[in-house]
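Participant: Below is one structure. I have some questions about it.
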Amino acid sequence: MSSKIVRIGVCQLNCRDDKNINFKIGEELIKQAKKEEAKIVFFPEGFDFICESKSLTLEKAETIDGPIINGYRRLAKENQLWISLGGFHQRTEVEDRILNSHLIINDRGEIVSHYSKIHLFDVQAGSLRIQESDYTQAGSSIIKPIETPGGRIGLGICYDLRFPEFARLLTVSPEDGAQILTYPSAFTKHTGEAHWEILLRSRAIENQCFVVAAAQVGFHNTKRESYGHSLVVDPWGKILLDMNLDSPSIRTIDLDLSYIEQVREKMPIIQHRRKDLYTLISSTNIAVPIKNINNEKIRWGQLEITASQIFFRSTLSIGLVNKKPIVPGHVLVSPIRCVERFSQLYPEEINDLFLSTQLVSTKIEEFYQGKSLSIAIQDGEYAGQTVKHVHVHILPRKPSDFEENDTIYHELAHHDKKAKGWRSDDEMAQEAKLLRKLFYRDIE
Ligand code: AMP
0 MSSKIVRIGV CQLNCRDDKN INFKIGEELI KQAKKEEAKI VFFPEGFDFI
50 CESKSLTLEK AETIDGPIIN GYRRLAKENQ LWISLGGFHQ RTEVEDRILN
100 SHLIINDRGE IVSHYSKIHL FDVQAGSLRI QESDYTQAGS SIIKPIETPG
150 GRIGLGICYD LRFPEFARLL TVSPEDGAQI LTYPSAFTKH TGEAHWEILL
200 RSRAIENQCF VVAAAQVGFH NTKRESYGHS LVVDPWGKIL LDMNLDSPSI
250 RTIDLDLSYI EQVREKMPII QHRRKDLYTL ISSTNIAVPI KNINNEKIRW
300 GQLEITASQI FFRSTLSIGL VNKKPIVPGH VLVSPIRCVE RFSQLYPEEI
350 NDLFLSTQLV STKIEEFYQG KSLSIAIQDG EYAGQTVKHV HVHILPRKPS
400 DFEENDTIYH ELAHHDKKAK GWRSDDEMAQ EAKLLRKLFY RDIE
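Take a look at the structure:
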């Protein structure tokens, strides 16, 4: 297997409450990274500032179009490298709440990914008491890994490191999953000494990927001390870099991304997961890009559908337009795997199917200006199933669309038994094209 070497830079900082000083140090480290030819530089949580009090933290927080992020965008562009800016105190519309955000900035100075920390550090351990939720609002979604010149990166922040499900979700897809998990951190000395290295190595070993964790180090004020030891771990769990240093510094290091495949090939953990016994699913961002919208035929039970009928895809399900809709917007959601009966689905497929149904039906109801929804599965021949591939019917409903509401079930049983009224591939492709826009912003 040919190697795929990428050079990354990792910054370790000791930030205090002066934003200008912190920025100047960041600037110097980025210039250094450029000299050493890094393609992407990783900053730790709180790279903008770390304050002693909640009120000062709220006061100093900026929006993402404020001077700090604009400053880093300029540096990315001038130095033509990418930057992972983890743990930015992001001012929000809510007066006493910020978001703890991780931004990826490309070499043109554009923000190309934006994650807000979903697990807040509300912890009492020994003498340590931190209540992040006192001034921070938790993020509400997991962000799809982003393609960068340093590999495909999964975004986390600090305390997120303690949630293995989160890491697995980011890495599980062989095509779109993260090759590098990042945890920009300000781990406390107390928890760092006990857990930092073990947690980072565990995430790398179990997900068979690189882990990059830029960290804060030393005293930030009279109350707070960080553990340091910015770490880079390879997919076998080997520590490639451990920054056992007290002062702000940068180290560059080469990662061979092809090593991920080598480790996974020899021990295919992801394939060995028992999908029939347990499940892994995220409720956010379940729409995955649709590839090949063309006239290719795809098996659907005993029938074939055309790829251009598909308007939605998740990891395990598709949404397709109906060849003979009973009402406008009557669409179908199916698992990708071809099985006839509901009982044959794996837990993971059931979760995905119903989350997809919820997302699709919500959008479809709004788009077709429905006031309610009929959602139905005809499971087996004697329940009226004709297509031998599990599918959920979604039907937007309007007042008085049928004389009696429940007549729709009679229609469902009979509408596809008549020879007339079937739509052409072109008609279906046109509707699917419109519906795709509901789920994908940048789609033609
Ligand atoms: P059921 O009777 O529950 O199996 O539902 C089958 C559904 O599939 C009906 O609503 C049909 O209109 C629809 N259908 C049949 N053939 C196609 C096709 N080629 N493409 C899309 N929908 C289809």
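Mapping to numbering that gives the first Met the number 0: the sequence shown position 338 is 337, numbers consecutive.
Idealized CB from N, CA, C, for every residue including glycine.
(1) Going by the C-beta, is residue 390 closer than 7 Å to any heavy atom of the ligand MN?
(2) Look at the Cβ atom of residue 207, then the Cβ atom of residue 259, and state whether they are nearer than 8 Å.
(3) Less than 8 Å separating the beta-carbons of residue 346 and residue 277?
(4) Please look up how many angstroms separate the CB atoms of residue 215 and residue 185, rounded, as I've assumed it's under 8 Å.
(5) Please classify residue 140 as buried or exposed, where buried requires at least 16 other C-beta atoms within 10 Å of its C-beta.
(6) Between the Cα of residue 143 and the Cα atoms of 170, 4, 159, 158, which residue gives the shortest distance?
(7) Would you say residue 10 and residue 219 are within 8 Å of each other, going by their C-beta atoms?
(8) Would you identify the three-state DSSP class for residue 427, choosing helix, strand or coil?
(9) Can you list, in chain order, the residues of its chain with a C-beta nearer than 7 Å to that of residue 131? Leave out the 5 residues immediately preceding and following it.
(10) Taking only the alpha-carbon atoms, compute the straight-line gap between residue 299 and residue 340 and give it to the nearest angstrom.
(11) Just the Cα atoms here: how many angstroms apart are residue 424 and residue 109?
(12) Can you give the beta carbon distance from residue 377 to residue 411, rounded, assuming they're within the 8 Å contact cut?
(13) Measure from the alpha carbon of residue 296 to the alpha carbon of each residue in 287, 289, 306, then state which is nearest.
(14) For a quick check, are the C-beta atoms of residue 413 and residue 333 less than 8 Å apart?
(15) Use the C-beta contact count for residue 124: other C-beta atoms within 10 angstroms, 16 or more gives buried, fewer gives exposed.
(16) From the DSSP output, in three-state form, read off residue 286 for me.
(17) What separation, rounded to the nearest whole angstrom, lies between the Cα atoms of residue 81 and residue 41?
(18) Output the distance between the C-alpha atoms of residue 19 and residue 204, rounded to the nearest integer angstrom.
(19) Assuming residue 84 and residue 101 are in contact, meaning their beta carbons sit under 8 Å apart, how far apart are those beta carbons, in whole angstroms?
(20) Return the chain-ordered ranges of every alpha helix (DSSP H) run that is complete within the stretch 29-87 and spans a minimum of 4 residues.
(21) Rounded to a whole number of angstroms, what is the C-alpha to C-alpha distance between residue 222 and residue 230?
(22) Please tell me whether, using a cut-off of 7 Å, the distance from the CB of residue 308 to the nearest non-hydrogen atom of the ligand AMP is below it.
(23) With distances taken from CA atoms, which of 310, 330, 400 is nearest residue 432?
(24) Just checking my contact of residue 255 with residue 3 at CB under 8 Å: how many whole Å lie between their CB atoms?
(25) Does DSSP put residue 192 in a helix, in a strand, or in coil?
(26) I need the DSSP call for residue 360, collapsed to helix, strand or coil.
(27) What does the alpha-carbon distance come out to for the pair residue 34 and residue 248?
(28) Locate the alpha helix (DSSP H) running through residue 410, then write down its first and last residues.
(29) Can you tell me whether residue 409 is buried or exposed, with buried defined as 16 or more other CB within 10 angstroms of its CB?
(30) Determine the contact status of residue 453 and residue 44, defining contact as a CB-CB distance below 8 Å.
(31) How is the beta strand (DSSP E) around residue 296 delimited, first residue to last?
(32) Would you report the Cα separation of residue 292 and residue 153, rounded to the nearest angstrom?
(33) Please indicate yes or no: does the CB of residue 117 lie closer than 7 Å to some heavy atom of the ligand AMP?
(34) For residue 381, write down the residues that DSSP places opposite it in a beta bridge.
(35) At a threshold of 7 Å, does residue 317 count as lining the ligand AMP (C-beta to nearest heavy atom)?
Facilitator: Let me spell this out:
(1) Judged by which ligands are present, the ligand MN is missing from the structure shown, whose ligands are the ligand AMP.
(2) By one-based count along the sequence shown, residue 207 stands at place 208. By one-based count along the sequence shown, residue 259 stands at place 260. Yes, Cβ-Cβ distance for residue 207 and residue 259 is below 8 Å.
(3) Position 347 of the sequence shown, counted from the first residue, corresponds to residue 346. Position 278 of the sequence shown, counted from the first residue, corresponds to residue 277. It is a contact, given that the beta carbons lie within the stated cut-off.
(4) Position 216 of the sequence shown, counting from 1, holds the residue named residue 215. Position 186 of the sequence shown, counting from 1, holds the residue named residue 185. Going by Cβ atoms, the distance from residue 215 to residue 185 rounds to 4 Å, so yes, they are a contact pair.
(5) Your numbering for residue 140 matches position 141 in the sequence shown. Exposed, by the Cβ-count rule.
(6) Here the question's residue 143 lines up with position 144 in the sequence shown. Per the Cα distances, 170.
(7) Numbered from 1 along the sequence shown, position 11 holds the residue referred to as residue 10. Numbered from 1 along the sequence shown, position 220 holds the residue referred to as residue 219. In this structure, residue 219 does not lie closer than 8 Å to residue 10 by Cβ.
(8) On the sequence shown, residue 427 is found 428 positions in, with the first residue counted as 1. Looking at residue 427 - three-state DSSP - the assignment turns out to be helix.
(9) Locating residue 131 in the sequence shown gives position 132, where the first residue counts as 1. Counting only Cβ-Cβ distances below 7 Å, and skipping sequence neighbours, we find 119, 120, 121.
(10) If you number the sequence shown from 1, residue 299 lands on position 300. If you number the sequence shown from 1, residue 340 lands on position 341. Spanning the two alpha carbons is a distance of roughly 13 Å.
(11) Locating residue 424 in the sequence shown gives position 425, where the first residue counts as 1. Locating residue 109 in the sequence shown gives position 110, where the first residue counts as 1. Each residue's alpha carbon lies about 40 Å from the other.
(12) Within the sequence shown, the letter at position 378 stands for residue 377. Within the sequence shown, the letter at position 412 stands for residue 411. Confirmed, Cβ separation roughly 7 Å.
(13) Counted from its first residue, the sequence shown places residue 296 at position 297. Answer by Cα proximity: 306.
(14) Residue 413 sits at position 414 when you count from the first residue of the sequence shown. Residue 333 sits at position 334 when you count from the first residue of the sequence shown. Contact: no.
(15) Walking along the sequence shown from the start, residue 124 turns up at place 125. By the 10 Å Cβ count, residue 124 comes out exposed.
(16) Counted from its first residue, the sequence shown places residue 286 at position 287. Here residue 286 sits in coil by DSSP.
(17) On the sequence shown, residue 81 is found 82 positions in, with the first residue counted as 1. On the sequence shown, residue 41 is found 42 positions in, with the first residue counted as 1. Residue 81 and residue 41 have their C-alpha atoms spaced approximately 9 Å apart.
(18) As a working mapping, residue 19 is identified with position 20 in the sequence shown. As a working mapping, residue 204 is identified with position 205 in the sequence shown. Rounded to the nearest angstrom, the two C-alpha atoms are 39 Å apart.
(19) Start at 1 with the first residue of the sequence shown, and residue 84 comes out as number 85. Start at 1 with the first residue of the sequence shown, and residue 101 comes out as number 102. Rounded, the Cβ-Cβ distance is 7 Å, consistent with contact.
(20) 53-59, 66-78
(21) Position 223 of the sequence shown, counting from 1, holds the residue named residue 222. Position 231 of the sequence shown, counting from 1, holds the residue named residue 230. The straight-line gap separating the alpha-carbon atoms of residue 222 and residue 230 is approximately 24 Å.
(22) On the sequence shown, residue 308 is found 309 positions in, with the first residue counted as 1. Yes, Cβ of residue 308 sits closer than 7 Å to a heavy atom of the ligand AMP.
(23) Residue numbering aside, residue 432 sits at position 433 when the sequence shown is read from its first letter. Closest by alpha carbon: 310.
(24) Taking the sequence shown and counting its residues from 1, the one referred to as residue 255 is at position 256. Taking the sequence shown and counting its residues from 1, the one referred to as residue 3 is at position 4. Yes, residue 255 and residue 3 are in contact; Cβ-Cβ is about 6 Å, under 8 Å.
(25) Residue 192 sits at position 193 when you count from the first residue of the sequence shown. Helix.
(26) Within the sequence shown, numbered from 1, the residue matching residue 360 stands at position 361. Residue 360 falls in the helix class under three-state DSSP.
(27) The residue you call residue 34 lines up with position 35 of the sequence shown. The residue you call residue 248 lines up with position 249 of the sequence shown. About 14 Å.
(28) To locate residue 410, count along the sequence shown from 1; it is residue 411. Element bounds for residue 410: 406-413.
(29) Against the sequence shown, residue 409 aligns to sequence position 410. So residue 409 ends up on the exposed side.
(30) Past the boundaries of the shown model lies residue 453; the chain is included only from 0 to 443, so the question cannot be answered.
(31) Here residue 296 refers to the residue found at position 297 when the sequence shown is read from its first residue. Residues 296-299.
(32) Taking the first residue of the sequence shown as position 1, residue 292 is located at position 293. Taking the first residue of the sequence shown as position 1, residue 153 is located at position 154. If you draw a straight line from the Cα of residue 292 to the Cα of residue 153, it comes to about 27 Å.
(33) Numbered from 1 along the sequence shown, position 118 holds the residue referred to as residue 117. Short note on residue 117: C-beta not closer than 7 Å to any heavy atom of the ligand AMP.
(34) Position 382 of the sequence shown holds residue 381. Answer is none; residue 381 lacks a bridge partner.
(35) If you number the sequence shown from 1, residue 317 lands on position 318. Checking the Cβ of residue 317 against the ligand AMP gives no.
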